[in-house]
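Just so you know, my numbering puts 720 at position 99 of the sequence shown, and the rest follows in order with no gaps.
Cβ coordinates follow ideal geometry from the N, Cα and C atoms, glycine included.
Since we're looking at a predicted model, the values are computed, not measured.
Inspection log for the structure reproduced underneath, given as structure tokens.
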Amino acid sequence: MSRIEIDYAKCVKDRICIRACPYRLFLDSGDGSPILHENAGELCIECGHCLAVCPVGAISLNGVAQESLKERVPSLEPSPESVEQLFTFRRAIRAYKTKPVERELLARLVEITRYAPTAVNGQSVHWTIVDSKDELRRLTGLVAAFMRENNIMPMVAEAWDNGVDLLLRDAPTLAVAHAATTALTPQIDCAVAVATLELAAAANGLGACWAGSIAGAAQASAAVRELLQLPEDHNVYASLMLGYPKFQYNWRPERIPARITWV
Ligand SMILES: Cc1cc2nc3c(=O)[nH]c(=O)nc-3n(C[C@H](O)[C@H](O)[C@H](O)COP(=O)(O)O)c2cc1C
Ligand code: SF4
């Protein structure tokens, strides 16, 4: 049950909240002054759009008013060119320096992912971050064993037996996104969060690569689940290796042209 409050002393009747609320929980009383839908408390998904968009801070949600929110800093807006460079020069990095990634930096990057979109603002994503060398080796061994037993890409387990890590690429960190299987779209929420983490990592000088083999192994192997400390009702939906890149990619390889159907 959400508590939405309107400070009518501040309201300038601009109807912005009426248009911005995804569920139309603010109704126009006639003169632009909003009144709340009778079931607003139950229907609200706590997206915060109303308090983020109101130009005069007339709305509060669960006792939180606009004054206590972080405010956009116009001078920090990235240029379209820098966004394009960040997004299109991102590459799957598979060679890392041995230097560990600072936990403070990892925590800051994961903070950023909290603002990625999730279905009905469900915010279903949880993280397990493995940065212990021993646990990473143990995890890689478990995943390699799972792949061998299930005849999935046998060369990967073979390489592991010969001291070559084609699974986690000797990355110093693995970030694992997991969610309750009962969430509305756990797979999409986790994938979006991992994609966000990857770009945030790139902006901070880190390299990253999706680790596609973890999800399947975590679903089937009790040992993998235990190592990742997964709650019983959770599955792994996406994972990302992270580390300082050994090499720099200064040229952008071509991709096939965008296929767009304009209707
Ligand atoms: C998989 C997925 C499906 C979504 N579907 C809809 C939708 O059908 N209609 C809509 O208005 N918003 C949709 N959204 C947007 C979410 O409701 C929104 O991301 C969430 O409320 C958080 O708000 P924010 O993205 O403004 O931070 C969807 C988001 C995701 C990730
Ligand atoms: S928090 Fe989102 S859903 Fe709830 S009233 Fe505000 S805009 Fe509407």
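query, result
"Quiz: which residues have CB nearer than 7 Å to ligand 1 non-hydrogen atoms", "PRO643, ILE666, CYS668, HIS670, TYR736, PRO738, THR739, ALA740, VAL741, ASN742, THR806, ILE809, ASP810, VAL813"
"Own chain residues within Cβ distance below 8 Å of VAL731, not counting five before or after", "TRP748, ILE750, ALA796, LEU818"
"beta-carbon ILE625 near ligand 2 non-hydrogen atom, thresh 7 Å", "yes"
"DSSP-derived helix/strand/coil call for PHE708", "helix"
"Beta-carbon spacing of ALA800, TYR858 below 8 Å", "yes"
"Distance CB(CYS675)-CB(CYS642) smaller than 8 Å", "no"
"From ALA816, GLU725, ALA630, residue whose alpha carbon lies closest to that of THR734", "ALA816"
"Residue from LEU760, GLU667, ALA673, ILE680 whose Cα sits closest to the Cα of ILE656", "ILE680"
"Neighbourhood of LEU672 by C-beta distance below 6 Å, restricted to the same chain and skipping five residues each side", "ILE680, LEU682, GLN687"
"Residue environment, ILE835, which counts as buried when at least 16 other CB atoms sit within 10 Å", "buried"
"Boundaries (first-last residue) of the alpha helix (DSSP H) holding THR767", "The residue asked about is misnamed: residue 767 is Phe in this sequence, not Thr. Taken as a continuous stretch (DSSP letters only), the alpha helix (DSSP H) holding PHE767 covers 754 to 770."
"Proximity to THR739 [Cα-Cα], best of LEU848, GLN808, LEU861, SER654", "GLN808"
"Residue(s) in a DSSP beta bridge with PHE647", "LEU657"
"Residue(s) in a DSSP beta bridge with HIS799", "HIS747, VAL857"
"Contact check, CYS830 vs ARG715, beta carbons under 8 Å", "yes"
"For ILE733, the first and last residue of its enclosing beta strand (DSSP E)", "Careful: ILE733 lies outside any beta strand (DSSP E), inside the alpha helix (DSSP H) at 724 to 734."
"THR794 beta carbon less than 8 Å from that of LEU863", "yes"
"Three-way DSSP call (helix, strand, coil) for THR817 in this model", "helix"
"DSSP-derived helix/strand/coil call for VAL845", "helix"
"Straight-line Cα distance separating ARG790 from LEU827", "15 Å"
"Host alpha helix (DSSP H) of ILE637 (start-end)", "637 to 641"
"ASP810 versus ALA737: straight-line alpha-carbon distance, rounded", "8 Å"
"VAL677 versus SER654 - alpha carbon distance", "13 Å"
"Pair within 8 Å by beta-carbon distance, LYS718 and TYR865", "yes"
"Proximity of THR802 and ASN856 at Cβ, strictly below 8 Å", "yes"
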